[in-house]
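Here the sequence shown is numbered in our numbering, starting from 1274 and rising by one per residue. Quick reminder that beta carbons are idealized off the backbone N, C-alpha and C, glycines included.
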Amino acid sequence: CLRLCLDDPKMLAGLLLRRRAVAVGTVQMRGLFPLSTAFANSPTGRPDQRRFKSSGESVPHVAGIKNPPTPPRATSYTADMKEFSRSLLESVSDVYDATDPSKSSIILRRLVKTKLLLYTDMRDAPEKFFLAHRLLSTIGLGGFGIRFTVQFNLFAGSIVGLGGPEQLTQLEEIQSEGKLGCFLLTEMQAGVLSGLIVETTADYDPDTKQFILNTPSDKAAKNWISQGLVAEMGVVIADLRVAGQSHGPHPFVMQMRDD
């Protein structure tokens, strides 16, 4: 069983999940599957730190946004980018009223389903991807900002950077359905050593061609999982074991809820 401690907004200890997954490339996958054999190549690095020149254009007024933000500095603030900025800010114009996780998650689901920003924009249109972050920072991120970066950077970004064609196809479906995801790395005992200490296991079952995730003890419970309270999906970091031999931390996509 995989034990999660979800702290969104408070820690919920003792939630037990048990899922199986088929091996990639053997038969049709369901529920849980490995993304890659190399977790080290994380796509969620630091944002582009280049300095930009301002074009002098202003962001159009958006109803509901208090104190319209100054446009992010950009090399080419094109008409398309101007429309993207207006549409993005308009889609989250009620973020000020999102005073609890439930309300905030509704706004994020709505933004995800608009496809104004695709998960693959991290790879295909990084200037647009980081512009979205800069735009959101001008209206105050708070809890919604954490949700946004967990959804687009950690959850989806891990799949974009480490997944194969089948996983990317599933990611498109996840976005179309407006499902939310979380990133399950930190364990109770690990603390700041998250990633270096991973005791959650993923054992390969050759008979069923599935992976079985298990939390061997309370100290290995996944903890401090942002958005875990409302997410249907999760990228779980677990120690991959085949025939009893450890192959180190690997990411697995897991459906956490059936509805």
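Measure the Cβ-Cβ separation of residue i and residue j and say whether it is below 8 Å.
i: residue 1410; j: residue 1387; result: no
i: residue 1420; j: residue 1378; result: yes
i: residue 1437; j: residue 1508; result: no
i: residue 1431; j: residue 1389; result: no
i: residue 1433; j: residue 1392; result: yes
i: residue 1521; j: residue 1512; result: yes
i: residue 1493; j: residue 1460; result: yes
Have a look at residue i and residue j and give me their C-alpha separation to the nearest angstrom.
i: residue 1510; j: residue 1412; result: 33 Å
i: residue 1456; j: residue 1429; result: 9 Å
i: residue 1447; j: residue 1462; result: 31 Å
i: residue 1519; j: residue 1374; result: 37 Å
i: residue 1442; j: residue 1372; result: 34 Å
i: residue 1529; j: residue 1397; result: 28 Å
i: residue 1418; j: residue 1450; result: 21 Å
i: residue 1366; j: residue 1355; result: 16 Å
i: residue 1523; j: residue 1357; result: 35 Å
i: residue 1489; j: residue 1479; result: 21 Å
i: residue 1369; j: residue 1383; result: 15 Å
i: residue 1319; j: residue 1487; result: Reliability of the predicted coordinates at residue 1319 is poor, the pLDDT of 33 falling under 50, and no value is obtained from them.
i: residue 1385; j: residue 1506; result: 14 Å
i: residue 1395; j: residue 1405; result: 11 Å
i: residue 1435; j: residue 1381; result: 24 Å
So residue i is in the alpha helix (DSSP H); what residue range does that whole segment cover?
i: residue 1364; result: 1352-1364
i: residue 1433; result: 1429-1435
i: residue 1402; result: 1399-1410
Mind checking which residues open and close the beta strand (DSSP E) that includes residue i?
i: residue 1457; result: 1454-1457
Examine the Cβ distances between the region 1496-1507 and the region 1475-1483 and report whether three or more of them are shorter than 8 Å. Judged by Cβ distances under 8 Å, the region 1496-1507 makes no contact with the region 1475-1483, as fewer than three pairs qualify.
With three or more beta-carbon pairs closer than 8 Å as the criterion, would you say the region 1468-1482 touches the region 1394-1401? no
Jot down the residue ranges of each uninterrupted beta strand (DSSP E) in the region 1468-1526, minimum 3 residues, whole runs only, in chain order. Counting only runs of 3 or more, we get 1474-1478, 1483-1487, 1506-1515.
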